[in-house]
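Protein sequence lines, in the order shown, are assigned to chains A, B, C and D.
To convert, take the position in the first sequence, counting from 1, and add 194; that gives this note's numbering.
To convert, take the position in the second sequence, counting from 1, and add 194; that gives this note's numbering.
To convert, take the position in the third sequence, counting from 1, and add 194; that gives this note's numbering.
To convert, take the position in the fourth sequence, counting from 1, and add 194; that gives this note's numbering.
All C-beta atoms, glycine included, are put in the ideal place defined by N, C-alpha and C.
Protein chains: 4
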Amino acid sequence: MQTDKMHEECGVFGVFGHEDASTLTALGLHALQHRGQESSGIVSYDGQKFFVHRGLGLVDDIFNDTAIISKLQGPYAIGHNRYATTGETLLRNVQPLYAELSFGGFTVAHNGNLTNAMTIRDELIHRGAIFQCTSDTEVIIHLVALSKKPTVLERLVESLQSLKGAYSLICFAEGRMIGVRDPNGFRPLVLGRLNGAHILASETCALDIIGAEFVRNIEPGEMVVITPEGVQSHRPFARAASKFCIFEYIYFARPDSVIDNKSVYEMRKKIGQVLAQEAPCDVDLVVPVPDSGVPAALGYAQETGIPFELGIIRNHYVGRTFIEPTQKIRHLGVKRKHNGNRGAIEGKRIVLVDDSIVRGTTSKKIVEMMRQAGAREVHMRISSPPITHGCFYGIDTPSRKDLLASSHSIQDIADFIAVDSLAFISTDGLYRAMGEAARNTAQPQYCDACFTGDYPVELTDCLKAQQEQITLDKAC
Amino acid sequence: MQTDKMHEECGVFGVFGHEDASTLTALGLHALQHRGQESSGIVSYDGQKFFVHRGLGLVDDIFNDTAIISKLQGPYAIGHNRYATTGETLLRNVQPLYAELSFGGFTVAHNGNLTNAMTIRDELIHRGAIFQCTSDTEVIIHLVALSKKPTVLERLVESLQSLKGAYSLICFAEGRMIGVRDPNGFRPLVLGRLNGAHILASETCALDIIGAEFVRNIEPGEMVVITPEGVQSHRPFARAASKFCIFEYIYFARPDSVIDNKSVYEMRKKIGQVLAQEAPCDVDLVVPVPDSGVPAALGYAQETGIPFELGIIRNHYVGRTFIEPTQKIRHLGVKRKHNGNRGAIEGKRIVLVDDSIVRGTTSKKIVEMMRQAGAREVHMRISSPPITHGCFYGIDTPSRKDLLASSHSIQDIADFIAVDSLAFISTDGLYRAMGEAARNTAQPQYCDACFTGDYPVELTDCLKAQQEQITLDKAC
Amino acid sequence: MQTDKMHEECGVFGVFGHEDASTLTALGLHALQHRGQESSGIVSYDGQKFFVHRGLGLVDDIFNDTAIISKLQGPYAIGHNRYATTGETLLRNVQPLYAELSFGGFTVAHNGNLTNAMTIRDELIHRGAIFQCTSDTEVIIHLVALSKKPTVLERLVESLQSLKGAYSLICFAEGRMIGVRDPNGFRPLVLGRLNGAHILASETCALDIIGAEFVRNIEPGEMVVITPEGVQSHRPFARAASKFCIFEYIYFARPDSVIDNKSVYEMRKKIGQVLAQEAPCDVDLVVPVPDSGVPAALGYAQETGIPFELGIIRNHYVGRTFIEPTQKIRHLGVKRKHNGNRGAIEGKRIVLVDDSIVRGTTSKKIVEMMRQAGAREVHMRISSPPITHGCFYGIDTPSRKDLLASSHSIQDIADFIAVDSLAFISTDGLYRAMGEAARNTAQPQYCDACFTGDYPVELTDCLKAQQEQITLDKAC
Amino acid sequence: MQTDKMHEECGVFGVFGHEDASTLTALGLHALQHRGQESSGIVSYDGQKFFVHRGLGLVDDIFNDTAIISKLQGPYAIGHNRYATTGETLLRNVQPLYAELSFGGFTVAHNGNLTNAMTIRDELIHRGAIFQCTSDTEVIIHLVALSKKPTVLERLVESLQSLKGAYSLICFAEGRMIGVRDPNGFRPLVLGRLNGAHILASETCALDIIGAEFVRNIEPGEMVVITPEGVQSHRPFARAASKFCIFEYIYFARPDSVIDNKSVYEMRKKIGQVLAQEAPCDVDLVVPVPDSGVPAALGYAQETGIPFELGIIRNHYVGRTFIEPTQKIRHLGVKRKHNGNRGAIEGKRIVLVDDSIVRGTTSKKIVEMMRQAGAREVHMRISSPPITHGCFYGIDTPSRKDLLASSHSIQDIADFIAVDSLAFISTDGLYRAMGEAARNTAQPQYCDACFTGDYPVELTDCLKAQQEQITLDKAC
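Right, dumping it as structure tokens:
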């Protein structure tokens, strides 16, 4: 059911000053697993040496051994989860990246995506730099290495000033941990505290897992420098409008996280409520599409008073690989992950509530499953506006041509997935659910480029590729 | 969160007459994974030869290769999932068991537990029989092998007549598939149909996954014999009162299954409703303990009108192994599997709804997690009566001394798990939710021995062990 | 180069009364690895319980973990290496076999092959016995289980009296370790001593590896019973002529073993000397076919005075799997395991000395490799007579039709492998090398059935299979 | 037995212009496995793209899958085996190294060791270069990347002109394969031909395995550039005296290789003959220490007329891991790899012939094993002079303090390993065996620094480390 989703590409986590820094980091990454499932890594520092362990797979599989954790020594550690956006899930792409530079070791974990990394990379290669991986993050390390500034902080600031796009970074060098969000603050980053230790994390759920206390958000354009003396805040960039990704609230963040003082769970319920106001439905039951559709469905049900029922039952034991059903039995409608709950929905009119439609393939199967389980009418309500554009700021989206809503009307989509009715929340409705009066069209309060095509930061690499007629992984 | 549960020990599945019999069986076992997670096996037959593949682990891991499935040739296949009740998760214990007997191959998959298997086993060993595994099921094969009756059916009937306890069996021999339920019908067994093929399965959810149609339940004491000519029904045993395990409705079966024309999901909701009537609670929110507590919590919420909220968020990526937090950070309250949803419950009075309390250790942690996430009051309601006795009919229960309710009052338990109030559904309430007027104390309509100690079938091996002062895996 | 060999099928080892019994057994099996490379197992006993570990693969791979060894508790242990003769390398066939019988646990490790096992097995199945594996050894356990005799020893003797063929057994039951050789003593078995502990082993090299002292051979037809009181010798069978397998001296045993007071290495050198006398060769160099041909080649060189040279160099790093060269590069003459030593043989006339020719395929390749490396003439001398018949006493031989010498003259073979001349040692020459005046044709001093077709023990199963027109794995 | 040896660190292989280039390279690396056992890699090129596969382990384990080989597309491929000299057997150190530079892909495989790599590396890091691995080879890539010269060839020449030490390189870039040996030609490199394809390899045995024809040695200081037009030879360096490593003849190279028109096998025999002349011994048998001592032992035996016998038998099945014998049974003298051949040596006076003594620990155990097997006298003769100095040109040697001969007299060593007499070949004797009149002390014909401390190329990094009091992996 998760196959037709957009994917957050990364989660980051860092600990400064705790004797169990690596264990805490592994736990933090575990709590951030939803932000990247293909690889994970930790770099620790014991005051003298850096220790690195990175692997392909889930956090629990990579850090499943006390021997591995015990080699990641020292009271400082940063970690990263990654969902590769290209075909290359190579080990050398796994973050945190690490390099020994002239001033010592430098390591960086990056959530986001730079929009001019390729352009800068080409320049650096012409100057003799050697790139080891295909990730955009590596340009940061090269710029820091080549900078003539005396301190790491100055080198890092100089480097970031030449870069565009989205980045929430955790770096470690010269005994200090640095957290930075790009001037627009596309992706989240929070500061926490655990006894005397400082924590940086993508989301508050990663503070919860280790029992750390939430201190505050890192602000867009802010750089915090953590030393044994405490946390210093810097503002090295020209001030820019905040453009936090609104989709973090709709789907990417974990529902138990709190972003900018807003509970993600409560926001999803409110979105469901507004959706119910905008697109009511005369049905017997509200059925969530598990699991991400549940909060919006609860909001929809509470707003309308229609009973909320688990009309789809999840199999808890779905492994990663399985026998492929042969062509002959595929038509039987194999349901490995979910099953329609006939006992609840037979003979009923239902409305399915889901968070998004990307390609539409999964929605079509769910609707069919509901009808096989006896639903008399199947309506669908979506807690995001139609997705019409790709994301270039750290979310994995399919090519624009594969986004169903980029080329099909809502009625076309309803026909394709074979529902009795279909509605999406409106963009303004979404902003209202978020507590705004409406979307500020001149300067939108959030990044909503995937719904509107209104990209806040120039897509330099994309434009260059179009001029040079090069094919990128993700066409603009 | 599932660690403090009783466990169903087995699931069985069989296909007669479909060219993809083994693939269908693997899918059926996948849908029955909740009935046994430690090992799985399939035996197929192509009209001339038997093919066997068994392994330790989950169905998806054991049958993850088309090469494996393609070796399980033929249009007949039976399969088994197992949750070992003893320490011995040895491969040779994995079912279906298979032996070449004088009349040809014989294979059997067994859900349930025989209460006089050890006694008979000792007699057979004294007569020179060689046992290969420690499972009670092996006595069935030996009795069939030693029987002097001319046909497999007669041999099987003769064998079962000397056995006591719980068994839902699927056997295959002499070109026919045989399904049997013991006279009391402790465990479920259903008959389905997929085009021309016949299916036997523990639960209807395994029919759904392959798109098969539900035909009917196998009755307690019924033996069905499936041949190319069709399904014959036999009644080889003295008639006995039906004693279906009432806990299948409370927890073991999958909510999307239908047993005896009752939707498991709907029964759980009704139990929640009766629980709400018996033990109301003045709170702000109803919070289910995921995932098994959800239907009862929905029933509780619908009956009381109190909002249903996801106060506990599950991490979808919990692997099987993980770094052990050191002693120093254990007190931090590590929450790998779940997290309290502060956004929803902070400052609220909540009632947690769960299906059972076995040892109480998990409940205690959940309550603590709720308080850490800011709940003002935490009450708990349990959709089963207190579990005071072990099960000897196919469910894995801890020793009686480890059952919290066997030696503690409800108030003691409430103190132990540190809730503001605690209530269990009454036994009569449970029967009312099931549609009965009340529990028939003279002849209870279900097996409820784990709540009442009222064992419908003699525990022969237990009594013998007590007399001989032998320690069994599970003390009576 | 080992691919065109006959294979010894089993090695056995046992320790009685040493605190490191399992470790010593693993080491003993390691030294006996040449007698069976497909599976290995150890059963130990701590005075109360038996512990079993068996696996597929080499000893070093199966017992590569101290955790495994430390679970095999107790001062008594027996072990077994196996080279499966049929396609079934299933785990359940791996020895030592173990069963719980009426008098307690019984375990057996068997080197050899019974010639009437199938016949008895069929009878036992008709009486209701259940067989778990396809190995002939399992009939021994069933006969012991069904025997009405009061003691294990009497049961075992009764069982063996009904069995025909080759067996060197190590059994453990009722606190005693039992070693038996069949009346003809086809396969070896020796007794050793390590401090106070008693050792049984197939060959003396397995005593050497643990530093044990050689005590004596177990005699053909002898049964030794080892208890804490010491070693008792029994003679339960009718006396029969000794028929030790002469091929153990030629190829199967390790050269550093001593059998019946004869050094295997020295015997191989003597065979090479007699071969040189019978079939001299006017050449520049004697080149051994590595590694088994080396001692005979040394004998040949010493007898003739012709220099011994390593004309074939072995690659020490040949793994078990490797990329298959495509059809296009196969003709290049890929030499993964060996290479001709051009520096030594270019322009020279050489005689290759090898121990046997089975199918001839490897010999053909070696000869070609020698010519490519520049040898001017290539002659071949073989230190066994032509192999014309299969073995049914514990050696894996191909079907008779695949034995090159069963249907081809020596000149045909010479043409096939493309040598300038070819000679085999004569049967009488072989006996002379062994210290006999000649082969006693009325009652040969050794079993030499593979050269002569003179089978000392009736092939009951074979004859039955021929009568019933059943295909066995190995046709008579 | 191989544990007390010095180790060749690398083997290289390349194919230009064959449709099976990667398969041939895997086979070539297999034949060169003795030159590096810890990791292996292949980089191929199909005319447009480069393909890389590298892994830790043996060639057969890394390239054990046709799927892996088939991804290494194209008619050009280079490969590398590595024995890590430091603790870091990390994947990112595995060669061939590859980088995308401004002119396109560049890949290099290096046999040897640079003596000023650390010094240059430090300079490059200060200029902003980022190093990914700890291997000295990476400086070559950086120098090539930073060079301002227009062509790859000029860039490579410029880079090598600033480097000191030992290198036999195979590079691929801009559609050409380049082979280079450093001006002193420490390590070997040969050119071969297979139909129309060109081959470069460390040794001729790697030509033999694929059936390629030997063309000629690459000369010290020569650079060959292979294009579809053929092989061009360049001499970009100032001419220097040839300093080929004499130990390649003694131990490192495979005996079936031919280096500089000298058969390695024949040279080893000649060394054995000179050793016999210099240090005769009144014994009954000459016993080689397997396997590397065999040719010298044959030479010794042929020169003296004393019989050559296999007094030590190797176990062919020694796996990489094994149960550790407990402290209690260690004293039993466990002999997993070898066993004394009592049948051959009991009561005899023997001389063991081996190629070198490094730490002496293995020699001590062998001598003890010989005495346990009954040898009356045990003498030892070594076919190299005493090793007193470490190698910095591509051979892994222990720290100087661990070289037994660096601080002990021959008599001390004889006492330590407990032999009746001990002798090493003299340095002059070694040169005579190589066909020289004597060692030219002014300008030795070979590099023999490990015997003499006479280092032909400055150890820049070592001297710098001494000045800066840094600890290197290998102290000068």
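Residue-level contact to chain B via CB, C/His336, 8 Å cutoff: For the purposes of this step, residue 336 of chain C is identified with residue 142 of the third sequence, where counting begins at 1. At least one chain B Cβ lies under 8 Å of C/His336.
Whole-Å CB distance - D/Ser356 paired with D/Leu337, under 8 Å assumed: Along the fourth sequence, read from residue 1 onward, the residue named residue 356 of chain D stands at position 162. Along the fourth sequence, read from residue 1 onward, the residue named residue 337 of chain D stands at position 143. Yes, they are in contact, since the Cβ atoms of D/Ser356 and D/Leu337 sit about 7 Å apart, within 8 Å.
CA-to-CA distance, A/Asp376 to D/Phe297, given in whole angstroms: Residue mapping note: residue 297 of chain D aligns to position 103 of the fourth sequence, counting from 1. Residue mapping note: residue 376 of chain A aligns to position 182 of the first sequence, counting from 1. Those two C-alpha atoms are separated by around 33 Å.
Closer than 9 Å at the beta carbon, the chain C residues around B/Leu308: Residue numbering aside, residue 308 of chain B sits at position 114 when the second sequence is read from its first letter. Under the 9 Å cutoff, chain C gives no residues; its nearest Cβ is about 17 Å from B/Leu308.
Close Cβ partners of B/Arg370 (< 7 Å) along its chain, the five nearest in sequence each way excluded: For the purposes of this step, residue 370 of chain B is taken as residue 176 along the second sequence, with counting starting at 1. So the list reads Val419, Ile420, Thr421, once near-sequence residues are dropped.
For C/Pro501, the three-state DSSP class (helix, strand or coil): Your numbering for residue 501 of chain C matches position 307 in the third sequence. Here C/Pro501 sits in coil by DSSP.
Backbone CA spacing between D/Gly623 and D/Ala632 [nearest angstrom]: In the fourth sequence, the residue the question calls residue 623 of chain D occupies position 429. In the fourth sequence, the residue the question calls residue 632 of chain D occupies position 438. Cα to Cα, D/Gly623 sits roughly 8 Å from D/Ala632.
Beta carbon proximity, B/Pro482 to chain A, threshold 8 Å: Numbered from its first residue, the second sequence carries residue 482 of chain B at position 288. Answer no: the Cβ-Cβ gap between B/Pro482 and chain A never drops below 8 Å.
C-beta contact flag for C/Glu203 and C/Arg276 at 8 Å: For the purposes of this step, residue 203 of chain C is identified with residue 9 of the third sequence, where counting begins at 1. For the purposes of this step, residue 276 of chain C is identified with residue 82 of the third sequence, where counting begins at 1. Contact flag set, yes.
Neighbour flag for D/Ile324 against chain A, beta carbons, 8 Å: Position 130 of the fourth sequence holds residue 324 of chain D. Yes, D/Ile324 counts as interfacial toward chain A.
Chain B residues whose Cβ lies nearer than 9 Å to that of C/Glu294: Taking the first residue of the third sequence as 1, we reach residue 294 of chain C at position 100. Ordered by position in chain B, the residues that pass the 9 Å Cβ test against C/Glu294 are Ile319, Ile324, Phe325.
B/Thr260 versus B/Glu368: straight-line alpha-carbon distance, rounded: Within the second sequence, numbered from 1, the residue matching residue 260 of chain B stands at position 66. Within the second sequence, numbered from 1, the residue matching residue 368 of chain B stands at position 174. For B/Thr260 and B/Glu368, the distance between alpha carbons rounds to 28 Å.
Continuous beta strand (DSSP E) assignments of at least 3 residues falling wholly in the stretch 556–583 of chain B: 571–576
Three-way DSSP call (helix, strand, coil) for C/Arg433 in this model: Here the question's residue 433 of chain C lines up with position 239 in the third sequence. In the structure shown, C/Arg433 sits in coil (DSSP, three-state: anything other than H, G, I, E or B).
Selection from A/Ile334, A/His304, A/Ala395 that minimises the alpha carbon distance to A/Phe210: By one-based count along the first sequence, residue 210 of chain A stands at place 16. The option with the nearest alpha carbon to A/Phe210 is A/Ala395.
Contact belief for A/Cys641 with A/Lys358 at Cβ below 8 Å, rounded distance in angstroms: Looking up residue 641 of chain A in the first sequence gives position 447. Looking up residue 358 of chain A in the first sequence gives position 164. With a Cβ gap of about 14 Å, A/Cys641 and A/Lys358 do not count as contacting.
Contact list for the stretch 333–359 of chain D against chain A, Cβ threshold 7 Å: Ile335, His336, Ala339, Leu340
Cα-Cα separation, D/Phe618 to D/Ile544: For the purposes of this step, residue 618 of chain D is taken as the residue at position 424 of the fourth sequence. For the purposes of this step, residue 544 of chain D is taken as the residue at position 350 of the fourth sequence. Whole-angstrom Cα-Cα distance: 16 Å.
Neighbour flag for C/Thr283 against chain D, beta carbons, 8 Å: If you number the third sequence from 1, residue 283 of chain C lands on position 89. In this prediction, C/Thr283 has a pLDDT of 48, which is less than 50 and means its spatial position is unreliable; what the coordinates show is noted afterwards. C/Thr283 does not count as touching chain D.
Close beta carbons around A/Asn287, own chain, < 8 Å, minus the five adjacent residues each side: Taking the first residue of the first sequence as 1, we reach residue 287 of chain A at position 93. Within the same chain, A/Asn287 has close Cβ partners Ser233, Arg276, Ala278, Cys327, Thr328, Ser329.
Neighbouring residues, chain C, relative to D/Glu497 (Cβ below 7 Å): One-based indexing of the fourth sequence puts residue 497 of chain D at position 303. Ordered by position in chain C, no residue passes the 7 Å Cβ test against D/Glu497, which lies about 12 Å from the chain.
Three-state secondary structure (DSSP) of B/Arg387: Here residue 387 of chain B corresponds to residue number 193 of the second sequence, with the count starting at 1. Strand at B/Arg387.
Through-space distance from B/Val651 to C/Gly293, alpha-carbon basis: Translated into the one-based positions of the third sequence, residue 293 of chain C becomes position 99. Translated into the one-based positions of the second sequence, residue 651 of chain B becomes position 457. It should be noted that the sequence gives Ala, not Gly, for residue 293 of chain C. Rounded to the nearest angstrom, the two C-alpha atoms are 31 Å apart.
Check whether D/Gln289 and D/Gly235 have beta carbons under 8 Å apart: On the fourth sequence, position 95 is the one that residue 289 of chain D refers to. On the fourth sequence, position 41 is the one that residue 235 of chain D refers to. Yes, these two residues count as a Cβ contact at 8 Å.
Cutoff 8 Å: D/Arg276 Cβ touching any chain C Cβ: Here residue 276 of chain D refers to the residue found at position 82 when the fourth sequence is read from its first residue. No, D/Arg276 does not count as interfacial toward chain C.
Contact with chain B by A/Arg536, beta-carbon distance below 8 Å: Here residue 536 of chain A refers to the residue found at position 342 when the first sequence is read from its first residue. Yes, contact with chain B.
Listed by chain order, chain D residues near C/Val678 by CB distance under 9 Å: With chain C covering 195 to 670 only, the question about residue 678 of chain C has no answer from this structure.
Alpha-carbon to alpha-carbon, A/Tyr587 and D/Phe586: For the purposes of this step, residue 586 of chain D is taken as the residue at position 392 of the fourth sequence. For the purposes of this step, residue 587 of chain A is taken as the residue at position 393 of the first sequence. Taking the straight line from one Cα to the other gives about 50 Å.
Residues of the stretch 220–237 of chain D with Cβ closer than 9 Å to any Cβ of chain C, in chain order: Ala220, Leu221, His224, Ala225, Gln227, His228, Gln231
For D/Lys463, three-class secondary structure by DSSP: Residue mapping note: residue 463 of chain D aligns to position 269 of the fourth sequence, counting from 1. If DSSP states are grouped into helix, strand and coil, D/Lys463 belongs with the helices.
Nearest-angstrom Cα separation, counted from B/Leu218 out to B/Ile404: Here residue 404 of chain B corresponds to residue number 210 of the second sequence, with the count starting at 1. Here residue 218 of chain B corresponds to residue number 24 of the second sequence, with the count starting at 1. The alpha-carbon atoms of B/Ile404 and B/Leu218 are separated by roughly 7 Å.
Minimum C-alpha distance to C/Glu407 - residue among C/Gln267, C/Cys399, C/Ile664: What you label residue 407 of chain C is simply residue 213 of the third sequence in a count that begins at 1. Of the candidates C/Gln267, C/Cys399, C/Ile664, the one whose C-alpha sits nearest the C-alpha of C/Glu407 is C/Cys399.
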